[in-house]
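Participant: Take this structure, written in structure tokens, and hold onto it; I'll ask about it next.
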Amino acid sequence: MKKLLFGVVDAIKAKSIQFIITTSFTLVTVLVVLFVGVMLYSKFSETAEQNAFLNTQQILEQVKYNLDSYLNGTTQIFELVDDKIRRSQSITSEKLNEQLEAIVETRKDIVSIAVFSRKGELLMGTPSKPMRKNSKLTEQSWFQSAIDDPNNLSFSLPHIQNLFKGEYTWVVSMSRGITIKGDRGDIPAVLLVDVNFKEIDELCQRVGLGKRGYAYIIDLVGNIVYHPQQQLIYVGLKNENRSLPLKYSYGSYVDEAEGDKRLITIKTVDQLGWKIIGVSYMDEIATTKSEISRFIIWLLIFVIVMVLFVLSYISAKISKPIKMLERSMERVEQGDFTVNEPIRGSQEVEQLSLRFHLMMAKVRELMSQIIQEQEAKRKSELEVLQAQIHPHFLYNTLNSVVRMVGIGKNEDVITTITSLSKLFRISLSRGKNMITVQEELEHVRHYLIIQKMRYKQKFEYEIEAEDAVLACKTVKLLLQPIVENAIYHGIEHMADPGEIHISASLSEGKVLLQVRDNGLGMLPVVREQVLTGSYKSEGGSGVGIHNVHERIRLTFGDEYGLEIESELEVGTVVKVWIPCLQGYGQEG
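For the sequence shown, the tail end lands on 588 under the UniProt record's numbering, and the numbers increase by one without skipping.
So this is what it looks like as structure tokens:
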């Protein structure tokens, strides 16, 4: 993990500043938005569940309140009817009948009011309707409750009103034992008030717990008082787990008995002990969570896109002057030292640009100084190299003249002295460093005359040149060290006479001077060492081919200089490449 982290850090360091700014801020923004998103999702999800629980409880509380209010109202009507009957002198009096009819007309939910004897005989009824035969009145639950507990007002389960002829209406029967006045004193009886169940049904139907949720009512023993899918319950196509709600009066719990995860909320109607049970499906709460998560995801995407756009713009503005400065440095790297463009940007970038241009001005100044110093050094080196050649050759030639004088070869002495004088006249050249190719060939011819005298006709030589190159300028004393090297290392140790051939011609727009001999030749490694100056020998000029090669390159450039071709026992060819120049500066 540590290596991976360092690898990521190193990868970021290798990128541009724009990439680093954009990536870093985007990463921080994404992490912050993710953290906020997770916190919001967690909080919203928790709030959504709490709101769902609270909303269900509030709805059921409202249903309970409405149902309590309605039942209180019907209870008051029952008490009013009971009071009217108790105060009446006769249960069949016309005044009592008018009062009860007024109550029924005033409360449209009152279906009927009736008084029965304990044997089930109808003593009074409003509205006045004939009873059905075989109604089995005494076996009905409301009648039994009034007989068993005459002082308690009982409510029956919803049922079809089947006592009187007429419409079949779903009612809830309210009953209680009463005492009425008779000819022989007080008579125990049962008061029945049937309330239209439609009112209770409408109160419960208005309950909405999500798209699929609903509420139903059970009594104290678990019998269903109301259910929005009552018919499915009766035919067995739907079932409700009523065992757990019977254990609680209030509260909520999650039930999975029906296969779906449902939130069960319970409220109890205080007056009757009925339980209002709300059923909410948890997948609807999960849908709310899913909507919240989708919203947060889209919000995250939008924020990231906006952050990328803004950061790309800002980072581009920040990195633009730095990139301009980088391009200026690349131009300097490629050799353009004339860069002097001011760069606008932040204070740090402008200061960096100013320091860079001040540095470039100093570099240009130093380069100009170095060029002047190198030029002076080049001229000094040329003069030193040429000065090394003069005393060496003069020393050898004078030794030869002394020997010839000693043996009495006066003519050879004259010839040698004459050639030596002409050779030095050309070498001096009135202080000029550059001479013509014709003068260089004349110089080497006198040198060969002197050397031929010294080596007693040990070699023959030939010089030829094209007219086109005779007027071209060259550094003086190029050929003498090469010819000297050919004599000392190539021909001197041969048994047979040697040959030296010198030519001057034009080739590929350049002047080609060649010195060819049929001497001993040299190994490839020796050829390389001769040009680099690393080859050491006991004889020869002591200055050698390397000095000639360096003089040409110092004067004309690295594309000019010497090439050596050699083969053992065959000979050596030294090619001298110089430009074809006419009217070249006299001081080189």
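Glycine included, C-beta positions come from ideal geometry on N, C-alpha and C.
(1) Rounded to whole angstroms, what's the CA-CA distance from HIS549 to GLY561? Just pull it up for me.
(2) Taking the C-alpha atoms as reference points, what is the distance between THR338 and MET367?
(3) Buried or exposed for LYS267, please, with buried defined as at least 16 other CB atoms from any protein chain shown within 10 angstroms of its CB.
(4) In chain order, which continuous runs of the beta strand (DSSP E) of length 3 or greater are located wholly inside the stretch 165-211?
(5) Name the two residues that bound the continuous beta strand (DSSP E) containing LYS275.
(6) On the criterion of 16 or more Cβ atoms from any shown chain inside 10 Å, does ARG206 qualify as buried, or is it exposed?
(7) For residue 628, which residues of its own chain have a beta-carbon under 6 angstroms away from its beta-carbon, when the five flanking residues on both sides are left out?
(8) If you draw a straight line from the alpha carbon of ASP412 to that of GLY335, how long is it in whole angstroms?
(9) Of the residues THR416, SER421, LEU428, which one's Cα is nearest the Cα of LYS456?
(10) What's the C-alpha gap between GLU350 and LEU477?
(11) For ASN72 versus LEU203, is the C-beta distance shorter than 8 angstroms?
(12) So, using beta-carbon positions, are VAL172 and PHE143 closer together than 8 angstroms?
(13) By alpha-carbon positions, which one of THR169, ARG331, ARG403, VAL225 ends up nearest to LEU157?
(14) Out of curiosity, what's the CA-to-CA distance linking ALA114 and LEU191?
(15) If GLY521 sits next to GLU460, beta carbons under 8 angstroms apart, how far is it from one beta carbon to the other, in whole angstroms?
(16) At the level of alpha carbons, what is the spacing between LEU232 and SER128?
(17) Should ALA215 and LEU60 be called a contact, given that it needs their Cβ atoms to be closer than 8 angstroms?
(18) Measuring CB atoms only, is the stretch 174-193 touching the stretch 233-245, in the sense that at least three cross pairs come out at less than 8 angstroms?
(19) With H, G and I counted as helix, E and B as strand and the rest as coil, what does DSSP make of SER112?
(20) Along the chain, where does the beta strand (DSSP E) that runs through MET124 open and close?
(21) On the DSSP bridge assignment, give the partners of GLY571 in chain order.
(22) Got a sec? Which residues, its chain only, sit under 8 angstroms from ILE21 by beta carbon, not counting five neighbours each side?
(23) In angstroms, rounded to a whole number, what distance separates the CA positions of ARG331 and THR555?
(24) Would the stretch 292-305 count as touching the stretch 243-261 if we require 3 or more Cβ pairs under 8 angstroms?
(25) When you compare only the Cα positions, how much space is there between GLN230 and VAL81?
(26) Could you tell me the distance, in whole angstroms, from the CA atom of SER112 to the CA atom of VAL193?
Facilitator: From the atom records:
(1) Counted from its first residue, the sequence shown places residue 549 at position 549. Counted from its first residue, the sequence shown places residue 561 at position 561. Taking the straight line joining both Cα atoms gives about 5 angstroms.
(2) One-based indexing of the sequence shown puts residue 338 at position 338. One-based indexing of the sequence shown puts residue 367 at position 367. Cα to Cα, the separation comes out at about 12 angstroms.
(3) In the sequence shown, residue 267 corresponds to position 267, counting from 1. So LYS267 ends up on the buried side.
(4) 170-182, 185-196
(5) Translated into the one-based positions of the sequence shown, residue 275 becomes position 275. From DSSP, the beta strand (DSSP E) with LYS275 extends over 275-281.
(6) Here residue 206 refers to the residue found at position 206 when the sequence shown is read from its first residue. When all chains shown are included, ARG206 counts as exposed.
(7) The structure shown has nothing for residue 628, since the chain only spans 1 to 588.
(8) If you number the sequence shown from 1, residue 412 lands on position 412. If you number the sequence shown from 1, residue 335 lands on position 335. Between ASP412 and GLY335, the C-alpha separation is close to 60 angstroms.
(9) Taking the sequence shown and counting its residues from 1, one reaches residue 456 at position 456. Among THR416, SER421, LEU428, the Cα nearest to that of LYS456 is on THR416.
(10) What you label residue 350 is simply residue 350 of the sequence shown in a count that begins at 1. What you label residue 477 is simply residue 477 of the sequence shown in a count that begins at 1. Their Cα atoms are separated by approximately 57 angstroms.
(11) For this step, residue 72 is matched to residue 72 along the sequence shown. For this step, residue 203 is matched to residue 203 along the sequence shown. The answer is no: Cβ separation not under 8 angstroms.
(12) The residue labelled residue 172 in the question sits at position 172 within the sequence shown. The residue labelled residue 143 in the question sits at position 143 within the sequence shown. Not a contact, by the Cβ cut-off of 8 angstroms.
(13) Walking along the sequence shown from the start, residue 157 turns up at place 157. For LEU157, the closest alpha carbon among the candidates THR169, ARG331, ARG403, VAL225 is that of VAL225.
(14) Here residue 114 refers to the residue found at position 114 when the sequence shown is read from its first residue. Here residue 191 refers to the residue found at position 191 when the sequence shown is read from its first residue. Each residue's Cα considered, the two are about 6 angstroms apart.
(15) Here residue 521 refers to the residue found at position 521 when the sequence shown is read from its first residue. Here residue 460 refers to the residue found at position 460 when the sequence shown is read from its first residue. So it is not a contact: roughly 18 angstroms between Cβ atoms.
(16) Here residue 232 refers to the residue found at position 232 of the sequence shown. Here residue 128 refers to the residue found at position 128 of the sequence shown. Looking at the two C-alpha atoms, the distance is approximately 36 angstroms.
(17) Within the sequence shown, the letter at position 215 stands for residue 215. Within the sequence shown, the letter at position 60 stands for residue 60. Cβ atoms of ALA215 and LEU60: closer than 8 angstroms.
(18) no
(19) If you number the sequence shown from 1, residue 112 lands on position 112. In the structure shown, the three-state DSSP call for SER112 is strand.
(20) Along the sequence shown, read from residue 1 onward, the residue named residue 124 stands at position 124. 122-126 is the extent of the beta strand (DSSP E) around MET124.
(21) Stepping through the sequence shown from its first residue, residue 571 is reached at position 571. Looking at the DSSP assignment, GLY571 forms a beta bridge with GLU567.
(22) By one-based count along the sequence shown, residue 21 stands at place 21. Excluding sequence neighbours, ILE21 sits near LEU311, ILE314, SER315, ILE318, SER319.
(23) As a first step, residue 331 is located in the sequence shown; it is residue number 331 there, counting from the start. As a first step, residue 555 is located in the sequence shown; it is residue number 555 there, counting from the start. Roughly 29 angstroms separates the two Cα atoms.
(24) no
(25) The residue you call residue 230 lines up with position 230 of the sequence shown. The residue you call residue 81 lines up with position 81 of the sequence shown. Looking at the backbone, the Cα of GLN230 and that of VAL81 are separated by about 32 angstroms.
(26) The residue labelled residue 112 in the question sits at position 112 within the sequence shown. The residue labelled residue 193 in the question sits at position 193 within the sequence shown. Near 6 angstroms, if we compare the C-alpha coordinates of VAL193 and SER112.
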